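Colleague: One structure, as structure tokens, below. Some questions next.
There are 2 protein chains.
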Amino acid sequence: MNDPVFLRACRGEAVEHVPVWFMRQAGRSLPEYRALRGTGSILEAIADPALACEITLQPVRRYGVDAAILFSDIVVPYHAIGFGVDVVAGRGPVIARPFRGAQDLERLRDLTAEDITHVTRTVELVVEELATTPLIGFAGAPFTVASYLVEGAPTRDFAVIKTLMHTDPDLFDQLLTRLVAITVSFLRAQVAHGARALQLFDSWAGSLTRDEYQRFALPATQRVMDGVADLGVPTILFGVGTGELLPLMSGAGSSVLGIDWHVDLDEGRRRAGKPVQGNLDPARCLGGVDLGVAATREVLARAGRDGGYIFNLGHGVLPTTDPAVLEAVVRTVHDEGMAGVQ
Amino acid sequence: MNDPVFLRACRGEAVEHVPVWFMRQAGRSLPEYRALRGTGSILEAIADPALACEITLQPVRRYGVDAAILFSDIVVPYHAIGFGVDVVAGRGPVIARPFRGAQDLERLRDLTAEDITHVTRTVELVVEELATTPLIGFAGAPFTVASYLVEGAPTRDFAVIKTLMHTDPDLFDQLLTRLVAITVSFLRAQVAHGARALQLFDSWAGSLTRDEYQRFALPATQRVMDGVADLGVPTILFGVGTGELLPLMSGAGSSVLGIDWHVDLDEGRRRAGKPVQGNLDPARCLGGVDLGVAATREVLARAGRDGGYIFNLGHGVLPTTDPAVLEAVVRTVHDEGMAGVQ
Chain A
7 MNDPVFLRAC
17 RGEAVEHVPV
27 WFMRQAGRSL
37 PEYRALRGTG
47 SILEAIADPA
57 LACEITLQPV
67 RRYGVDAAIL
77 FSDIVVPYHA
87 IGFGVDVVAG
97 RGPVIARPFR
107 GAQDLERLRD
117 LTAEDITHVT
127 RTVELVVEEL
137 ATTPLIGFAG
147 APFTVASYLV
157 EGAPTRDFAV
167 IKTLMHTDPD
177 LFDQLLTRLV
187 AITVSFLRAQ
197 VAHGARALQL
207 FDSWAGSLTR
217 DEYQRFALPA
227 TQRVMDGVAD
237 LGVPTILFGV
247 GTGELLPLMS
257 GAGSSVLGID
267 WHVDLDEGRR
277 RAGKPVQGNL
287 DPARCLGGVD
297 LGVAATREVL
307 ARAGRDGGYI
317 FNLGHGVLPT
327 TDPAVLEAVV
337 RTVHDEGMAG
347 VQ
Chain B
7 MNDPVFLRAC
17 RGEAVEHVPV
27 WFMRQAGRSL
37 PEYRALRGTG
47 SILEAIADPA
57 LACEITLQPV
67 RRYGVDAAIL
77 FSDIVVPYHA
87 IGFGVDVVAG
97 RGPVIARPFR
107 GAQDLERLRD
117 LTAEDITHVT
127 RTVELVVEEL
137 ATTPLIGFAG
147 APFTVASYLV
157 EGAPTRDFAV
167 IKTLMHTDPD
177 LFDQLLTRLV
187 AITVSFLRAQ
197 VAHGARALQL
207 FDSWAGSLTR
217 DEYQRFALPA
227 TQRVMDGVAD
237 LGVPTILFGV
247 GTGELLPLMS
257 GAGSSVLGID
267 WHVDLDEGRR
277 RAGKPVQGNL
287 DPARCLGGVD
297 LGVAATREVL
307 ARAGRDGGYI
317 FNLGHGVLPT
327 TDPAVLEAVV
337 RTVHDEGMAG
347 VQ
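One line per chain: the protein sequences are A and B, in this order. The end of the first sequence is residue 348 by the numbering used here, with every number in the run present. The end of the second sequence is residue 348 by the numbering used here, with every number in the run present.
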């Protein structure tokens with residue numbers, strides 16, 4: 007039997023239609039999600055496997071997307087080892103005691119299986135429920151996680167992390183070495199329990215110059231990719247605002263590069279030189295079904311007919327998105343994404 | 007007598023050293039600024055010509071930069087015509103009644119000389135004080151101003167403005183036509199009273215796809231440039247995250263394109279095909295003098311020796327910047343920027 011279309015597209019193999027899923031498809035834009043979740047921290051919901059499983063499945067049922075993505079967060083492993091992370095609604099991850107010096111390295115011990123039983127149990131529950139739809143596991147890339155741990159809160163300037171990496175590159179490298187180990191363990195555990203693809207979110211790589219990316223982010227990302235290569239599952243590397251970085255990111259070893267909407271899809275694909283995922287601006291899904299469909303067709307027109315393409319947004323689903331628009335986007339991608347292809 | 011080096015560099019003419027100034031050089035990072043300003047709204051300070059003149063001159067005296075830029079804000083003309091704008095410290099421009107429909111067009115009448123006597127008086131005072139250093143006047147580009155007026159507050163998603171332009175492009179065009187008229191009047195007034203160059207801030211153009219920029223932002227920017235072309239002063243067009251847009255922006259008609267740090271300076275220059283300004287990451291100025299100087303040298307190394315280059319940051323000075331670092335950056339640019347050139 008053939009692998010699911012999403013997995014084949016990740017490998018650049020022949021597909022009968024363009025696969026589609028949405029970053030943040032599980033979450034705030036779904037009324038069934040808001041009905042299920044209370045007002046507690048997202049980390050509490052993630053800690054409840056039955057609840058996290060249900061939230062993971064909601065968008066698969068509603069949209070008929072070609073992949074599920076685990077309901078989780080990139081700070082989950084760091085919360086699990088007691089680094090002191092919370093996710094504040096409307097703000098993002100906040101660190102009680104941010105990473106400040108060598109003395110904080112010991113707070114970043116490697117993961118054990120026991121630390122993340124809630125996550126691996128959720129993976130198992132989801133995989134039991136899903137028939138053929140593959141589950142994507144994920145983690146934050148070391149640079150992006152480091153930026154949270156060092157800054158202590160979401161930032162626009164990345165002032166503290168950039169100052170650290172330029173003033174104390176040895177300490178920065180030690181920090182990233184710890185994060186590589188944790189990230190590899192976290193990703194391997196998800197695959198061991200049933201995830202069939204992995205996405206690595208280097209969300210903030212786009213804050214860096216090319217030189218900085220090459221020196222301070224790429225090597226750690228490569229080590230993560232090396233650390234999961236033997237598992238044989240497709241890997242996706244994604245960041246925002248990475249147009250200039252795509253040729254470098256392409257060398258990190260992922261199967262697929264995710265791209266946002268700032269770079270045209272055909273040009274992004276040329277820079278990536280491998281399968282790509284993206285790149286509809288999530289804001290284009292806010293103006294009703296007709297506009298969402300028109301925007302979807304613009305992206306599909308640039309996607310070509312050669313496969314090696316996964317439809318997605320260029321960033322996460324915005325909270326105010328009407329699910330009816332995403333339903334129409336999925337239909338359009340499935341019906342028209344490979345029009346004319348046998 | 008030769009024009010000042012900044013003006014010649016803007017025109018791509020021969021220069022004896024690389025000129026340098028800093029976006030937001032007048033402002034929060036200077037202790038003499040904090041001593042002078044109270045805690046009131048920045049719009050109150052801008053409304054006081056003697057105070058705004060002094061704030062404009064402070065960085066010229068301290069840093070010996072090659073250009074002054076008026077202490078002002080892109081919302082000033084909209085505040086002046088009573089659109090109901092305030093600038094909230096730590097947040098940015100906030101609009102009491104955001105632009106919502108055709109009925110709001112009449113709230114955007116053209117500027118009269120009386121509306122902006124505080125600005126033109128400041129320009130006159132500054133020009134009297136400056137010996138040969140040219141003063142840069144500025145305004146917000148129509149798309150960026152529209153995003154503030156429509157969103158009502160700073161945004162990361164630009165959801166409201168993007169929905170407006172795709173769902174009601176006629177209304178969007180009418181809005182931008184109003185903003186073109188106001189922007190041209192505002193820029194012409196600054197030149198009439200002594201400004202010798204103009205910068206147009208299309209700060210948020212980088213939120214758009216290439217197609218959107220071409221359709222929804224570029225034409226209005228071109229009309230602004232056309233509206234000041236007869237004045238014969240150099241013009242600079244700048245936005246953040248515009249790497250993909252530079253070839254399009256190059257067609258807007260400015261003398262110079264400003265670029266941020268995401269694109270390498272030599273590559274940005276190739277895309278611009280005209281003089282460029284930039285592109286040191288402001289975060290590189292937060293790690294002390296030695297790191298600031300090293301980062302400056304990296305930028306200068308990519309600048310080449312052919313002139314047509316103005317050193318600047320890739321975005322505004324960050325509030326926590328130590329002025330000693332910017333002093334060292336200016337020295338380095340002046341001493342080393344054209345090393346080996348006659």
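Backbone N, C-alpha and C fix where the C-beta goes; we use that ideal spot for every residue, glycine too. Keep in mind it's a predicted model, so treat the numbers as computed, not measured.
What does the Cβ neighbour count give for valine 94(B), buried or exposed, with the cut at 16 atoms within 10 Å?
Modeller: That one is exposed.
Colleague: Use the C-beta contact count for serine 109(B): other C-beta atoms within 10 angstroms, 16 or more gives buried, fewer gives exposed.
Modeller: Note that residue 109(B) corresponds to glutamine in the displayed sequence, not to serine. Exposed: under 16 other Cβ atoms inside 10 Å.
Colleague: Within 10 Å of its beta-carbon, does leucine 218(A) have 16 or more other beta-carbons around it, so buried, or fewer, so exposed?
Modeller: What sits at residue 218(A) in the sequence shown is glutamate, not leucine. With 16 or more other Cβ atoms within 10 Å, it is buried.
Colleague: At least one CB of chain A closer than 8 Å to the CB of valine 269(B): is that the case?
Modeller: Yes, because at least one Cβ of chain A sits closer than 8 Å to the Cβ of valine 269(B).
Colleague: Mind checking valine 336(A): buried by the 16 CB within 10 Å criterion, or exposed?
Modeller: Flag for valine 336(A) reads buried.
Colleague: What's the call for leucine 114(A), buried or exposed, on a 16-neighbour Cβ count within 10 Å?
Modeller: So leucine 114(A) ends up on the buried side.
Colleague: Would glutamate 250(A) pass as an interface residue toward chain B - the criterion being a Cβ-Cβ separation below 8 Å?
Modeller: Yes, because at least one Cβ of chain B sits closer than 8 Å to the Cβ of glutamate 250(A).
Colleague: Would you tell me roughly how many angstroms separate the C-alpha atoms of phenylalanine 77(A) and cysteine 59(A), rounded to the nearest one?
Modeller: About 7 Å.
Colleague: Could you tell me whether the Cβ atoms of alanine 330(B) and valine 295(B) are closer together than 8 Å?
Modeller: Result yes, Cβ atoms of alanine 330(B) and valine 295(B) sit closer than 8 Å.
Colleague: Who are the near neighbours of leucine 292(B) in its chain, counting only those whose CB is closer than 7 Å to its CB and skipping five residues on each side?
Modeller: Same-chain partners within the cutoff: Leu324, Thr326 and Thr327.
Colleague: For the pair the stretch 140 to 147 of chain A and the stretch 62 to 80 of chain A, tell me if three or more CB-CB distances fall below 8 Å.
Modeller: The stretch 140 to 147 of chain A, when compared against the stretch 62 to 80 of chain A, does touch it at the 8 Å Cβ threshold.
Colleague: What does threonine 338(A) touch in chain B if you count any residue whose Cβ is under 9 Å from its own?
Modeller: Chain B residues near threonine 338(A): none, gap ~16 Å exceeds 9 Å.
Colleague: Mind listing the chain B neighbours of arginine 290(A)? Cutoff is C-beta to C-beta under 8 Å, in chain order.
Modeller: Ordered by position in chain B, the residues that pass the 8 Å Cβ test against arginine 290(A) are Lys168 and His172.
Colleague: With H, G and I counted as helix, E and B as strand and the rest as coil, what does DSSP make of glycine 346(A)?
Modeller: With a pLDDT of only 47 at glycine 346(A), under 50, the local geometry of the prediction cannot be trusted, and no value is derived from it.
Colleague: For the alpha helix (DSSP H) that glycine 274(B) lies in, which residues bound it at each end?
Modeller: Its alpha helix (DSSP H) spans residues 271 to 278.
Colleague: Using a C-beta to C-beta distance shorter than 8 Å, which residues of chain B count as neighbours of threonine 326(A)?
Modeller: Those within 8 Å of threonine 326(A) in chain B are Ala165.
Colleague: Measuring CB atoms only, is the stretch 43 to 60 of chain A touching the stretch 119 to 128 of chain A, in the sense that at least three cross pairs come out at less than 8 Å?
Modeller: As far as the Cβ criterion goes, the stretch 43 to 60 of chain A touches the stretch 119 to 128 of chain A, which means the pair count is three or higher.
Colleague: In angstroms, rounded to a whole number, what distance separates the CA positions of aspartate 287(B) and glycine 274(B)?
Modeller: Distance between the alpha carbons of aspartate 287(B) and glycine 274(B): 14 Å.
Colleague: Can you give me the start and stop residues for the beta strand (DSSP E) that tyrosine 315(A) sits inside?
Modeller: First-last of the beta strand (DSSP E) with tyrosine 315(A): 315 to 319.
Colleague: What residues from the stretch 202 to 215 of chain A come within 9 Å of chain B, judged by C-beta to C-beta, listed N to C?
Modeller: If the cut-off is 9 Å between Cβ atoms, the stretch 202 to 215 of chain A has Gly212, Ser213, Leu214 and Thr215 near chain B.
Colleague: If you measure between the beta carbons of threonine 248(A) and serine 260(A), is that distance less than 8 Å?
Modeller: It is not a contact, given that the beta carbons lie outside the stated cut-off.
Colleague: Taking CB distances under 8 Å as the criterion, tell me whether leucine 182(A) reaches chain B.
Modeller: No, leucine 182(A) lies away from the interface with chain B (no Cβ there is under 8 Å from its Cβ).
Colleague: I need the DSSP call for isoleucine 101(B), collapsed to helix, strand or coil.
Modeller: Reduced to three states, the DSSP call for isoleucine 101(B) is strand.
Colleague: Tell me the rounded alpha-carbon separation between threonine 118(A) and histidine 172(A).
Modeller: If I take the Cα positions, the gap works out to 32 Å.
Colleague: Run through DSSP, which three-state label would valine 151(B) get?
Modeller: Valine 151(B) falls in the helix class under three-state DSSP.
Colleague: Go ahead and pull the three-state DSSP assignment for histidine 172(A).
Modeller: It is helical.
Colleague: Taking only beta-carbon positions, decide if glycine 46(B) is within less than 8 Å of chain A.
Modeller: No, because no Cβ of chain A sits closer than 8 Å to the Cβ of glycine 46(B).
Colleague: Run down chain A in chain order and give the residues with a C-beta less than 8 Å from the C-beta of glycine 257(B).
Modeller: Under the 8 Å cutoff, chain A gives no residues; its nearest Cβ is about 17 Å from glycine 257(B).
Colleague: Please check if any C-beta of chain A sits within less than 8 Å of the C-beta of glycine 293(B).
Modeller: True, the Cβ-Cβ gap to chain A drops below 8 Å.
Colleague: How do the stretch 146 to 159 of chain A and the stretch 78 to 94 of chain A stand: do at least 3 beta-carbon pairs fall below 8 Å, yes or no?
Modeller: Judged by Cβ distances under 8 Å, the stretch 146 to 159 of chain A makes contact with the stretch 78 to 94 of chain A, as three or more pairs qualify.
Colleague: Could you give the first and the last residue of the continuous alpha helix (DSSP H) run that contains isoleucine 61(A)?
Modeller: Residues 55 to 69.
Colleague: Pairing CB atoms from the stretch 177 to 196 of chain A with CB atoms from the stretch 228 to 241 of chain A, are three or more of them under 8 Å?
Modeller: Yes, since at least three Cβ pairs between the stretch 177 to 196 of chain A and the stretch 228 to 241 of chain A fall closer than 8 Å, the two stretches touch.
Colleague: Assuming phenylalanine 178(A) contacts leucine 170(A) under a Cβ cut-off of 8 Å, what Cβ separation, rounded to an integer in Å, is found between them?
Modeller: 6 Å between Cβ atoms; contact.
Colleague: Mind reading off the beta-carbon distance from histidine 268(A) to methionine 29(A)? Whole number of angstroms is fine, and I expect it under 8 Å.
Modeller: At roughly 15 Å, the Cβ-Cβ gap does not stay under 8 Å, so histidine 268(A) and methionine 29(A) are not in contact.
Colleague: If you draw a straight line from the alpha carbon of leucine 263(B) to that of glutamate 50(A), how long is it in whole angstroms?
Modeller: Approximately 49 Å between the Cα atoms of the pair.
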